[in-house]
Every structure is written in structure tokens, then in C-alpha cells.
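Take a look at the structure set out below.
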Amino acid sequence: MSEHQKQTIIRWFEEVWNKGRRQAIDEMLPPDCIIHDGGASLKGPEEFKKYFDLMRSAFSEIQVTPEEVISEGALVCLRWSVKMRHTGDGLGMPATGRNLQTTGVSIVRFTDGRFAEAWQNWDMMGVMQQIRQAEPAKLNMQAP
């Protein structure tokens, strides 16, 4: 079962994000699935589609690359990287046309071979810094 689960999470990123197939959300997410993204929790395909539309209104040329996938029981963890272009105002910031890249981790709990719950964390602050072309804050690591 774990190989099927690994292929399913990779297929999710390929179909939904790389190909932009909005209908794949309905195909792959059951109505009771919950996806946690940072502080937000989205239940089912309809709520996730709103998030998908928001991201697609801000970014184009999205290309997610699976970097490493680990499976343990009903859980699959995927470390991924993404390249995209900031071409829309969807996040309330004027489009810059800048090419961006970041990384993230997604963990999916499967039930009966389908997504049941997922947790996703990605470096949105790094994306915002790239959009603004800001220098990352430098931490003072010296002892007092």
C-alpha cells in the first residue's frame, strides 16, 4: 500500500499544481478530507479549490519537484521544491513577473487509499521576500 500512497501524493502535485487541473481536486480529495496549510484548515474539495484559485491568481508556471518521499503506515511525507512566476495580484501584491522558488513539506494521512488529512508547510516568507526583492533578516547569533 505504501508505494501506491507515495505515487498518489506525487500525482497530486503533478495533476493539481504542475498541470493546473482543477478537476483533479474533486477526483482526489474526498468531501471529509481536511488540509492544514499553516494556520488555515480547509475541509473538502470546495474549500481547497478556493485556496487553489487564490494561488493560481498570484502565480503561474508552477512546477513542483518531488525531492524525497517517505512512507510509514498510513502517513506519507513529501519534501518538495517549487519554481513559479509571480504574474497576478491574487495575494494583494501587484504582479512583478519575478521568477520565484521555495521549498516545502507535505504530510498526508491516507484512509482506504485516499487522502484523509494533510499538513503542509512551505516557506511563504521566503516567497514574499523574493517578490519584494528584500534581503532576508540577519539574525544576531552572538551571546549577550
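Mapping the sequence shown onto my numbering, position 77 (from 1) lands on 69, and the numbers just tick up by one. Here a beta-carbon is modelled for each residue, glycine too, at the ideal position from N, C-alpha and C. Note that the structure is predicted; figures quoted are calculated from it, not measured.
Q | Cβ distance (whole Å) where residue 53 is taken to contact residue 90 below 8 Å | A | With 8 Å as the limit, residue 53 and residue 90 do not qualify as a contact, their Cβ atoms being about 11 Å apart.
Q.
I want to know whether the stretch 95 to 105 touches the stretch 78 to 87 - three or more CB-CB distances under 8 Å.
A. no
**Q.** Contiguous beta strand (DSSP E) assignments of at least 3 residues, all confined to the stretch 13 to 92
**A.** 26 to 29, 32 to 35, 51 to 64, 67 to 78
Q: Please say whether residue 1 and residue 74 have beta carbons closer to each other than 7 Å?
A: no
Q. Taking residue 36 as the reference, which of 122, 125, 106, 80 has the closest Cα?
A. 106
Q) Residue range of the alpha helix (DSSP H) that residue -5 falls in? A) -6 to 4
Q: Under the assumption that residue 92 contacts residue 119 (Cβ atoms under 8 Å), give the Cβ distance between them as a whole number of angstroms.
A: 6 Å
Q.
Using a 10 Å radius around the Cβ and a threshold of 16 neighbouring Cβ atoms, would you call residue 20 buried or exposed?
A. buried
**Q.** residue 96 (DSSP reduced to helix, strand or coil)
**A.** strand
Q: Can you give me the Cβ contacts of residue 59 inside the same chain, cut-off strictly under 7 Å, excluding the 5 residues immediately before and after it?
A: 71, 72, 73
Q. Since residue 112 is in the beta strand (DSSP E), which residue starts that stretch and which ends it?
A. 106 to 114
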